[in-house]
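Following: one structure in structure tokens, then a few remarks.
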Amino acid sequence: MEALINYFESIPSLHRSIIIVGGITLFWLIEGAVPLFKFSYNKWKHAIPNLFFTLTTIAINFALAFLLLQSADWVVANGFGIINWLPEMPLWLYIVIGILLMDFFGAYLPHYVEHKVKPLWMIHLVHHTDHKVDTTTANRHHPLESVIRFTFTLFGVFVIGTPIGIVMLYQSMSIVATQFSHANIKLPRKVDHAISYFLVSPDMHKVHHHNVLPYTDSNYGNIFSVWDRIFGTYMELDRDKLIYGVDVFPDEKENSNIIDLLKQPFQKYRKPTVYNEQN
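With the working numbering as the guide, the letters of the sequence shown map in order to residues 254 to 532.
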């Protein structure tokens, strides 16, 4: 465990890039073998805007990484934050608690807030207007959202007292987890459901990408499903009933164009449809 943390404390940028590219490549290949939906689309053309936003996300995170490093060093040096105030414990438990809490402050919380605050929802909308969700959708985030999520992660470092080794381990796990949960892969239903008791499974997260409320406002988790279960935001929907996108932004052509997507947060807010049994 100590060797693992030591590695992530100084993980080379090349290795972080390999994790991102390797994850997309792996799940891209699995999607081809066992797809959940057999989309009739040019997969490479569909991937272009998603990969563009993946690159902007990487650029922003790399540019601001020094803030994470300085903050993590400060909380450790000053014994500040939740895990630094806990009694002494085995290193493995320290790591688990750190990652679990980082998943809340760095993923679940900002995701929940983005859905509840209208201007932030308009920024997050870029992620939801993908009509054919696959592993490339994972990091389809407007640059403004990348800054927002980084801010929450930075806040989490201070509250939790997370050392940089755990921060980098969490971020690496987060990348692979979100690529997995967005991947257009068809796991056996029972296997997927069993996974969802602990981790965010593909079927669980796809519910979040259904095009109408209340499903859109559910299953905010990234790595662990525990936060959705604790806060009552966990929902299920049969995979065969899934319709991707957002019902009030239905233009797939605009939702696939990089320029239109960059402008999307500045459009007029449109009240979403709430599904009920009579719809």
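All C-beta atoms in this analysis are idealised placements derived from N, C-alpha and C, irrespective of residue type, glycine included.
Helix or strand or just coil, what does DSSP make of residue i?
i, result
"Pro534", "Residue 534 lies beyond the stretch modelled for the chain, which goes from 254 to 532, so this question has no answer here."
"Pro525", "coil"
"Phe411", "helix"
"Leu452", "strand"
"Pro416", "coil"
"Phe477", "strand"
"Asp387", "coil"
"Tyr347", "helix"
"Leu397", "helix"
"Asp513", "helix"
"Met375", "helix"
"Ser263", "coil"
"Thr382", "coil"
"Gly359", "helix"
"Leu257", "helix"
"Ser303", "Note that residue 303 is Asn in the sequence shown here, rather than Ser. In the structure shown, Asn303 sits in a helix (DSSP, three-state: H, G or I)."
"Ser293", "coil"
"Glu367", "helix"
"Phe433", "helix"
"Asn472", "coil"
"Asn337", "helix"
Return the bridge partner residues of residue i from the DSSP annotation.
i, result
"Ile438", "Pro288"
"Val499", "Phe502"
With 16 other CB atoms within 10 Å as the buried threshold, where does residue i fall?
i, result
"Trp338", "exposed"
"Asn532", "With a pLDDT of 43 at Asn532, under the threshold of 50, the predicted position of this residue should be treated as unreliable, and no value is reported."
"Pro265", "exposed"
"Ser270", "exposed"
"Gln517", "buried"
"Glu284", "buried"
"Glu367", "buried"
"Pro363", "buried"
"Asp383", "buried"
"Lys459", "buried"
"Ser427", "buried"
"Val208", "Beyond the ends of the chain as shown, which are 254 and 532, falls residue 208; an answer cannot be given."
"Gly359", "buried"
"Met457", "buried"
"Ala256", "exposed"
"Ser263", "exposed"
"Asn259", "exposed"
"Leu286", "For the record, residue 286 in the displayed sequence is Ala; it is not Leu. Exposed is the call here."
"Val420", "buried"
"Ile522", "Note on identity: in this sequence residue 522 is Tyr, with Ile being the wrong assignment. Counting Cβ neighbours within 10 Å, Tyr522 comes out exposed, since fewer than 16 surround it."
If you compare alpha carbons, which of the options is closest to residue i?
i, options, result
"Lys439", "Pro455, Val429, Phe292 and Ser427", "Pro455"
"Thr431", "Val412, Ile413 and Phe477", "Phe477"
"Leu378", "Arg482, Asp500 and Phe319", "Asp500"
"Thr389", "Ile301, Trp345, Asn472 and Lys369", "Ile301"
"Met254", "Phe306, Leu304, Leu346 and Gly275", "Leu346"
"Asp356", "Lys369, His461, Phe408 and Leu515", "Phe408"
"Tyr450", "Thr307, Asn437, Leu257 and Asn472", "Asn472"
"Asp485", "Tyr365, Phe315, Val400 and Thr526", "The amino acid occupying residue 485 in the given sequence is Gly; Asp does not appear at that position. Ranking the options by Cα distance to Gly485, first place goes to Tyr365."
"Leu267", "Ile496, Ser425 and Leu495", "Ser425"
"Ser399", "His435, Leu515 and Leu353", "Leu515"
"Phe433", "Asp387, Leu344 and Lys524", "Asp387"
"Phe319", "Ile277, Ala391, Gly351 and Thr406", "Thr406"
"Thr404", "His463, Leu317, Trp480 and Ile448", "Leu317"
"Gly418", "Gln323, Asp481 and Phe306", "Gln323"
"Asn510", "Asn475, Phe305 and Pro288", "Phe305"
"Ser401", "Arg523, Val429 and Val370", "A small correction: the amino acid at residue 401 is Ile; Ser does not occupy that position in the sequence shown. Of the candidates Arg523, Val429 and Val370, the one whose C-alpha sits nearest the C-alpha of Ile401 is Val370."
Indicate, with yes or no, if the ligand GDP has a heavy atom lying under 7 angstroms from the CB of residue i.
i, result
"Met355", "Among the components modelled here there is no ligand, and therefore nothing to report on the ligand GDP."
Would you say residue i faces chain C, with C-beta separation under 8 angstroms as the test?
i, result
"Tyr473", "Note that chain C does not occur in the displayed structure, where there is just one protein chain."
**Prompt:** Is the region 440–456 in contact with the region 382–396, if contact means three or more CB pairs nearer than 8 angstroms?
**Reply:** no
**Prompt:** Can at least three beta-carbon pairs, one atom from the region 467–476 and one from the region 301–316, be found at a separation below 8 angstroms?
**Reply:** no
**Asked** Should the region 294–306 be called in touch with the region 408–417, which here means at least 3 C-beta pairs below 8 angstroms?
**Response** no
**Message:** When you compare the region 316–330 with the region 369–377, are there three or more beta-carbon pairs, one atom per stretch, that lie closer than 8 angstroms?
**Reply:** no
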